[in-house]
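> Here it is, the structure in full.
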Amino acid sequence: MQTTQRVQHNFALEFAIDHANRLRLPVLVYHGLRHDYPWASDRIHSFVLETVVDLYRDFESRGIQYAFYLERTGDDAQARREAGKASPLVELARRAALVVTDFFPTFIVPRQIRALRAKVDTPVIAVDSCTVVPMKYFDREHASAAGFRPRLMAALPEFLLPFEMGEPKFRTVLEILFEPTRPAAESIPRLLASCDIDHSVPPARAIRGGTAAALRRLHHFVESGLARYADDRGDPNEDATSMLSPYLHFGNISPQEILLKAREAGPTDQFAKFQDELLTWREISYNFVYHNKRHRTVEAIPAWAREELRTGEGDPRPVLFSDKELELAQTGNELWDAAQRSYLVDGWMHNSLRMLWGKAVLQWTANAEEALRVLEHLNNKYSLDGRDPNSYGGILWIFGKFDRPFFRRPIYGTVRYQSLNSAEKKFDVAKYVRRHSAGPRERNLSAHVAGMFGHQGLKVRTDAAD
Ligand SMILES: Cc1cc2nc3c(=O)[nH]c(=O)nc-3n(C[C@H](O)[C@H](O)[C@H](O)COP(=O)(O)OP(=O)(O)OC[C@H]3O[C@@H](n4cnc5c(N)ncnc54)[C@H](O)[C@@H]3O)c2cc1C
Numbered sequence: 052m053q054t055t056q057r058v059q060h061n062f063a064l065e066f067a068i069d070h071a072n073r074l075r076l077p078v079l080v081y082h083g084l085r086h087d088y089p090w091a092s093d094r095i096h097s098f099v100l101e102t103v104v105d106l107y108r109d110f111e112s113r114g115i116q117y118a119f120y121l122e123r124t125g126d127d128a129q130a131r132r133e134a135g136k137a138s139p140l141v142e143l144a145r146r147a148a149l150v151v152t153d154f155f156p157t158f159i160v161p162r163q164i165r166a167l168r169a170k171v172d173t174p175v176i177a178v179d180s181c182t183v184v185p186m187k188y189f190d191r192e193h194a195s196a197a198g199f200r201p202r203l204m205a206a207l208p209e210f211l212l213p214f215e216m217g218e219p220k221f222r223t224v225l226e227i228l229f230e231p232t233r234p235a236a237e238s239i240p241r242l243l244a245s246c247d248i249d250h251s252v253p254p255a256r257a258i259r260g261g262t263a264a265a266l267r268r269l270h271h272f273v274e275s276g277l278a279r280y281a282d283d284r285g286d287p288n289e290d291a292t293s294m295l296s297p298y299l300h301f302g303n304i305s306p307q308e309i310l311l312k313a314r315e316a317g318p319t320d321q322f323a324k325f326q327d328e329l330l331t332w333r334e335i336s337y338n339f340v341y342h343n344k345r346h347r348t349v350e351a352i353p354a355w356a357r358e359e360l361r362t363g364e365g366d367p368r369p370v371l372f373s374d375k376e377l378e379l380a381q382t383g384n385e386l387w388d389a390a391q392r393s394y395l396v397d398g399w400m401h402n403s404l405r406m407l408w409g410k411a412v413l414q415w416t417a418n419a420e421e422a423l424r425v426l427e428h429l430n431n432k433y434s435l436d437g438r439d440p441n442s443y444g445g446i447l448w449i450f451g452k453f454d455r456p457f458f459r460r461p462i463y464g465t466v467r468y469q470s471l472n473s474a475e476k477k478f479d480v481a482k483y484v485r486r487h488s489a490g491p492r493e494r495n496l497s498a499h500v501a502g503m504f505g506h507q508g509l510k511v512r513t514d515a516a517d
């Protein structure tokens, strides 16, 4: 188990159960968490550990053996190597008849799957549980939602179906050669402290991980947000969106389950808008990242927009902020700083703010490469839903991806501009700023942030990306 961290509606798990039954063997689910993935922090780790609490419970209720391994420091791996032992995953994979893993088209996942394949003779199969319409259904990258939407909607009846769960028939408990970790809510702070990760990014203020929390959030949305979604989703002061993106990112809940429950609850016109966001906009990002190996680079910006931004490099900037000023929400622009603080503290930002936040960075940095480097880092370090195909779809949209040319203006050329100053026309800016003002806790947090590239920071690679 890598990125589809759930027991229900999990195609990789169901594929494993079917094959295990055919081979007359039991299924064992191995789930490891390393300390050294990019942007590893208390925030991301705590979300996964909270998820693991649910996973133990949910796997037990389906009678499936699940073992979670927490690799805390580099010393763990070093000690293993000195003892001539392979990693728990490789040990298990070597003894298995078949390894089934979940597929994810970015971050460290494709590399991890290839690395495992190189180390074992056992067949390794990756199964896509990310999207409603499987990524490989589309044989090419789609440039616009207008072109992608009809093809996606045409495929929907084939794929948006109630889920049938299989029954594992062979339930022998297998011997595992490592000490699994079973977190509980009370032990998570101690486990975090034992890991060599960035402790300066604390757990998100109010968002907890796991399928139970995802289902609670879905219920809340269906009860109180969906009926006014299309009307109010643009206003960050209204709690009208689902806030399910962290749960979708960690695979705590499937997009199918969300859509089916929301469709049932209606009303039709509001649901249609929600479906368009969750299907068209989310899945075009997956389509982009799946087909475009350079999705972390400026090469993925459409040629017209790249050209416009290149021309705009010569235009004077209103101001250039340092990495640290941006990261610590110290630009002096109240709205931008409040938006950045919602990343720092809440680990989530409203979509309307993400757009303004990103567009502003374009004019406060020297060029598109710099802006992309900063946005990727801030988004992936602080946002629970970061490190996702949607991160790259959203961030590249700032640079013109999936968009069309608008009126020409300095710096942006014909790439769409959005002004922090005119946000007032769309929502109550003062209210948003008040809600995200820096209290003593936030000031304390800011003081603890080590700096832009203090710990395991990543530069955008310009050669290739996976
Ligand atoms: C600069 C920038 C960075 C972004 N970074 C991320 C990111 O790291 N991770 C991430 O999941 N999304 C990202 N987005 C897209 C979008 O802002 C979030 O998905 C959305 O705000 C999540 O809130 P929600 O769950 O309440 O959405 P809802 O409005 O409730 O929508 C439900 C789901 O539909 C999908 N969705 C909604 N709006 C969009 C959209 N505009 N584009 C793509 N999918 C959408 C999301 O999966 C979302 O959870 C980014 C957008 C921008 C402009």
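In the numbering used here, the protein residues as written are 52 to 517. C-beta: ideal position from N, C-alpha, C; glycine also. Every value quoted in this text rests on a predicted model; they were computed, and no experiment measured them.
#1: Kindly indicate the opening and closing residues of the alpha helix (DSSP H) around F221.
#2: In the structure shown, what three-state DSSP assignment does L84 receive?
#3: Reducing DSSP to helix, strand and coil, say where V151 ends up.
#4: Taking D93 and P306 to be in contact with their CB atoms under 8 angstroms, please state how far apart those CB atoms are, rounded to whole angstroms.
#5: Rounded to whole angstroms, what's the CA-CA distance from F221 to P174? Just pull it up for me.
#6: Mapping the DSSP letters down to three states, classify S92 as helix, strand or coil.
#7: Quick one: any contact between the stretch 462–472 and the stretch 124–142, if contact means 3 or more CB pairs under 8 angstroms?
#8: So, for A516: in the same chain, excluding its five sequence neighbours on each side, which residues have a beta-carbon less than 8 angstroms away from its beta-carbon?
#9: Output needed for F74: all residues of its chain with C-beta closer than 8 angstroms, excluding positions within five of it in sequence on either side, in chain order.
#10: Mind checking S373: buried by the 16 CB within 10 Å criterion, or exposed?
#11: Expressed to the nearest angstrom, what Euclidean distance is found between the alpha-carbon atoms of R191 and N338?
#12: Looking at N303: is its Cβ nearer than 8 angstroms to the Cβ of T262?
#13: Just list the alpha helix (DSSP H) runs in the stretch 459–489, keeping only unbroken ones of 4 residues or longer that don't cross its boundaries, in chain order.
#14: Might you give, ordered along the chain, the residues of its own chain that have their beta carbon closer than 7 angstroms to the beta carbon of F155, omitting 5 neighbours on each side?
#15: Do the stretch 419–434 and the stretch 312–322 make contact, defined as three or more Cβ pairs closer than 8 angstroms?
#16: Quick one, are the C-beta atoms of V178 and D153 less than 8 angstroms apart?
#17: Which of the three DSSP states, helix, strand or coil, is assigned to I176?
#18: Alpha carbon to alpha carbon, how far is V480 from A474? Give it in angstroms, no decimals.
#19: To the nearest angstrom, how far is it from the Cα of L404 to the Cα of P213?
#20: For D514, does the count of other Cβ atoms within 10 angstroms reach 16, so buried, or fall short, so exposed?
#21: Less than 7 angstroms separating the Cβ of N402 from some heavy atom of ligand 1?
#22: Report all residues from its chain with a CB closer than 8 angstroms to the CB of K452; omit the five preceding and five following residues, and keep chain order.
#23: What did DSSP end up calling L225 once you bin it into helix, strand or coil?
#24: Less than 8 angstroms between C-beta atoms, sequence neighbours within five positions excluded: which residues of the same chain meet that for L211?
#25: Can you have a look at M216 and say buried or exposed, based on whether 16 or more other CB atoms are within 10 angstroms of its CB?
#26: What number of angstroms, rounded off, separates the C-alpha of E359 from the C-alpha of F189?
In this structure, then:
#1: That residue, F221, is in no alpha helix (DSSP H); it is neither H nor E in DSSP.
#2: strand
#3: strand
#4: The Cβ separation is near 28 angstroms, so there is no contact.
#5: So the alpha carbons of these two residues sit roughly 20 angstroms apart.
#6: strand
#7: no
#8: Bear in mind that the predicted position of A516 carries a pLDDT of just 39, short of 50, making it unreliable; the figure below should be weighed with that in mind. Closer than 8 angstroms at the Cβ level, and outside the excluded window around A516, lie T157, K344, R345, H346, R347, T348.
#9: Going by the sequence as given, residue 74 is Leu instead of Phe. Only A148, L149 meet the Cβ criterion.
#10: S373 sits exposed, since fewer than 16 C-beta atoms from the chains shown fall within 10 Å of its C-beta.
#11: 8 angstroms
#12: yes
#13: 480–486
#14: Q53, T54, C181
#15: no
#16: yes
#17: I176 sits in a strand when the DSSP states are folded into three classes.
#18: 7 angstroms
#19: Answer to the nearest angstrom: the Cα atoms are 34 angstroms apart.
#20: Because the pLDDT at D514 is just 40, under 50, the model does not fix this residue reliably, and the value given afterwards should be weighed accordingly. Answer is exposed; the Cβ neighbour count stays below 16.
#21: Checking the Cβ of N402 against ligand 1 gives yes.
#22: Excluding five sequence positions before and after K452, the CB atoms of its chain that fall closer than 8 angstroms to its own CB belong to F339, A351, I352, P353, A356, G444, given in chain order.
#23: coil
#24: So the list reads V183, Q307, L310, L311, once near-sequence residues are dropped.
#25: exposed
#26: Distance between E359 and F189, taken at the CA atoms: about 30 angstroms.
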